[in-house]
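Below: the structure, in structure tokens.
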Amino acid sequence: MLILSLLRRLSSAVIYWHGSWVIYSYDATAQGDGKLDAAVQTYDAEHLPVGVVKQALQERYGRFEYKLRLREMLRHGGKCLVLMDQGKVASFGWIRGWKPFRRRYGWLARDAFLLSSYWTMPDFRGKGLYGRLLAHTIAVARKADNVPIFIWTDPENHASQRGIEKAGFKCLGVFEVRQAFFRLINTYRKIRTSPQEACVQSSANGPDPSFEQNE
Ligand SMILES: CC(C)(COP(=O)(O)OP(=O)(O)OC[C@H]1O[C@@H](n2cnc3c(N)ncnc32)[C@H](O)[C@@H]1OP(=O)(O)O)[C@@H](O)C(=O)NCCC(=O)NCCS
């Protein structure tokens, strides 16, 4: 498991990686400050997760991935937000510093926060916790700095898209992002204006001229 995870990371770091994402942005100056929620606990480099929170995160990611998450939080800033319900971890998500994503997504912004890896425990789904956690996250990210906030999700993840759109994020489109050769070649292409729009046929043969080279 650990070896597979290492190999996967190595191959996507060194050889080739691609993904398609619905990318959303939140403009706090235009769209509001979010809403702090008393049930949400915030963890960062000074307050690392302990007890049931640490256990829930380790179960979700595995020990190795969890350690990498903490390392990223220590090196690049960021926070882990955990919504508690009667002493149980109900939902969580991350605010991540932009530096590790800048090479791949620098065309979006020079500096930003990325909201990622939101997860509601299966027993707590469908109760609006995702929306509460996103509203709290916006309030925390907005307080921390005045930089754009991005979140992206799989084009097939309708639950996530619904929650993100309800929280007030603006859809920038569906993008295909590619990275190759030691992360030196970075390209992106908008393939749809929204996840609801019908798929555009993408070129299967050779490089696509509509791909834009990242800086
Ligand atoms: C996506 C996820 C975080 C949503 O959590 P949640 O706390 O259940 O979400 P909410 O209760 O706030 O629901 C959000 C909206 O999505 C809708 N929704 C839920 N499941 C849905 C589905 N399968 N298809 C379409 N919409 C769906 C809900 O009805 C709600 O909209 P509504 O208020 O208009 O009814 C949760 O399903 C999850 O953990 N999924 C696995 C991990 C994941 O996909 N994370 C997102 C990565 S960015």
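Start counting the sequence shown at 172; every next residue gets the next number (our numbering). All residues carry an ideal CB built from backbone N, CA and C; glycine is no exception. Model, not experiment: these values are computed from the prediction.
For residue i, the residue or residues it bridges with in DSSP
i: Gln212; result: Val253
i: Leu286; result: Ile266 and Ile322
i: Ala310; result: DSSP lists no partner for Ala310.
i: Lys341; result: Ser196
i: His329; result: In the DSSP output, where bridge partners are listed per residue, His329 has none listed.
i: Val351; result: This sequence places Ala at residue 351; Val is not what is there. Paired residue(s): Tyr187 and Ile356.
i: Thr364; result: Beta-bridge pairing links Thr364 to no other residue.
i: Val221; result: Bridge partners of Val221: none, in fact.
i: Lys259; result: Asp256
Distance, residue j Cα to residue i Cα
i: Ala283; j: Lys314; result: 13 angstroms
i: Gly334; j: Tyr301; result: 6 angstroms
i: Asn357; j: Phe346; result: 13 angstroms
i: Tyr237; j: Gly222; result: 14 angstroms
i: Asp460; j: Ala306; result: The chain is shown from 172 up to 386; residue 460 falls before or after that span and cannot be answered.
i: Arg303; j: Asp208; result: 7 angstroms
i: Ser373; j: Gly258; result: Model confidence at Ser373 stands at a pLDDT of 43, short of 50, so the residue's coordinates are unreliable; what they give is reported in the following sentence. When rounded, the distance between both Cα atoms is 48 angstroms.
i: Arg354; j: Arg275; result: 8 angstroms
i: Glu327; j: Leu228; result: 24 angstroms
i: Gly277; j: Asp256; result: 37 angstroms
i: Glu368; j: Glu336; result: 16 angstroms
i: Ala201; j: Arg273; result: 24 angstroms
i: Gln226; j: Gly233; result: 10 angstroms
i: Leu178; j: Phe352; result: 16 angstroms
i: Leu241; j: Ser262; result: 18 angstroms
i: Cys342; j: His218; result: 33 angstroms
i: Asn456; j: His189; result: The chain is shown from 172 up to 386; residue 456 falls before or after that span and cannot be answered.
i: Ala375; j: Lys206; result: Its pLDDT being 36, under 50, Ala375 is placed unreliably by the model, and the measurement read from it follows with that caveat. Cα to Cα, the separation comes out at about 45 angstroms.
i: Ser176; j: Asp198; result: 35 angstroms
8 angstroms Cβ cutoff met for residue i and residue j
i: Val311; j: Val253; result: no
i: Gly248; j: Tyr289; result: no
i: Ile194; j: Phe321; result: yes
i: Ile239; j: Ala216; result: The sequence shown places Leu at residue 239, rather than the Ile named in the question. No.
i: Thr308; j: Ile266; result: yes
i: Phe340; j: Ser196; result: yes
i: Leu286; j: Trp269; result: no
i: Gly344; j: Thr324; result: no
i: Ala280; j: Pro319; result: yes
i: Gln332; j: Pro293; result: no
Rounded distance between the beta-carbons of residue j and residue i, thought under 8 angstroms
i: Val224; j: Val185; result: Going by Cβ atoms, the distance from Val224 to Val185 rounds to 34 angstroms, so no, they are not a contact pair.
i: Thr213; j: Lys250; result: 5 angstroms
i: Pro271; j: Glu230; result: The pair is not a contact, with the Cβ atoms about 24 angstroms apart (cut-off 8 angstroms).
Reference residue i, options the options, closest by Cα
i: Tyr187; options: Gln350, Glu368, Pro366 and Leu355; result: Gln350
i: His329; options: Asn317, Gly297, Ile309 and Phe352; result: Gly297
i: Arg180; options: Phe235, Tyr197, Lys337 and Phe340; result: Phe235
i: Ser191; options: Ala338, Phe295, Arg360 and Ala369; result: Arg360
i: Leu348; options: Leu177, Ser183, Ala369 and Arg281; result: Before going further, note that residue 348 is Val rather than Leu in the sequence given. Comparing Cα-Cα distances from Val348 to each of Leu177, Ser183, Ala369 and Arg281, the minimum goes to Ser183.
i: Gly299; options: Asp316, His189 and Ala338; result: Ala338
Near ligand 2: residue i beta-carbon under 7 angstroms from a heavy atom
i: Ala351; result: No copy of ligand 2 occurs in the structure displayed; its ligands are ligand 1 alone.
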